[in-house]
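*Asks:* One structure coming up, written as structure tokens, with questions to follow.
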Amino acid sequence: MKSEPSVYSIDDLKKDKKTCWDGIRNYQARNFMMRDMNPGDLAFFYHSNCDVIGIYGVMSIYSKSYADHSAFDKFSKHYDPTSTKEHPRWFMVDVKFERKLQRIITLGSLKEHSQKELLNFRLLAKGNRLSIIPIEEKEWKFILSLGE
DNA sequence: GCCAACGTTGGC
DNA sequence: GCCAACGTTGGC
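Each residue of the first sequence is one higher than the last, beginning at 0 in numbering that gives the first Met the number 0.
What follows is the structure, encoded as structure tokens:
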């Protein structure tokens with residue numbers, strides 16, 4: 000799960016302990032949260048659009064998806080008048096801080112394995128812009144081994 | 001700041 | 001349903 004650290008960083012999550020992953024306005028990313036995420040699942044926290052791009056830590060999902068209330072808020076950057084409380088368009092999950100990785104796994108170091116262990120990892124696919132990406136268990140374990 | 005890649009919108 | 005125009009993402 001990606002976030003721009005200038006907006007919300009791994010250290011923000013560490014401080015908050017928990018947060019709701021609001022503001023997702025892409026159907027594929029939303030569908031991953033709605034269909035595939037369950038309490039107890041783990042996720043990597045990825046910093047995008049910053050000096051050192053990469054995976055910084057691990058968090059866990061601790062709620063099923065539910066309506067993203069920032070879509071109802073006229074003063075929110077993520078306000079969407081087409082999403083109503085009766086028929087919400089956008090959803091989010093709650094996440095909990097687990098830990099920071101001992102070493103940041105930079106995008107560059109992930110790319111070093113794009114021809115082998117991470118051949119099908121969607122983060123590395125050409126043109127990928129999805130802010131929430133599914134990951135295979137094998138990929139997860141391999142990436143963790145790079146960071147700890 | 002640039003720009004490739006992508007998603008969405010809306011006219012037809 | 002098609003597709004041009006536009007807006008956004010995100011690495012560099």
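Glycine included, each C-beta is placed from N, C-alpha and C at the ideal position. From a predicted model like this one, the values you see are computed outputs, not experimental measurements.
#1: Please name the residue or residues paired with Thr18 in a DSSP beta bridge.
#2: Hey, out of Thr105, Pro38, Gln114 and Gly22, whose CA is closest to Asp50's CA?
#3: Can you name the start and end residues of the alpha helix (DSSP H) that Gly146 belongs to?
#4: Taking Asn25 as the reference, give the member of Leu41, Lys1, Gly56 and Lys125 with the closest Cα.
#5: For Ser130, list the residues DSSP reports as bridge partners.
#6: Just checking, does the stretch 56-69 make contact with the stretch 87-98 on the three C-beta pairs under 8 Å criterion?
*Replies:* To lay it out plainly:
#1: Against the first sequence, residue 18 aligns to sequence position 19. Beta-bridge partners assigned by DSSP to Thr18: Val94.
#2: Here residue 50 is taken as the residue at index 51 of the first sequence, counted from 1. Relative to the Cα of Asp50, the nearest Cα in the group Thr105, Pro38, Gln114 and Gly22 belongs to Thr105.
#3: The residue labelled residue 146 in the question sits at position 147 within the first sequence. Counting along the chain, the alpha helix (DSSP H) containing Gly146 begins and ends at Glu136 to Gly146.
#4: Counted from its first residue, the first sequence places residue 25 at position 26. If we check each option's Cα against that of Asn25, Lys1 comes out closest.
#5: As a position in the first sequence, residue 130 is number 131, starting the count at 1. In DSSP, Ser130 forms no bridge with anything.
#6: Counting Cβ pairs under 8 Å, three or more are found: they touch.
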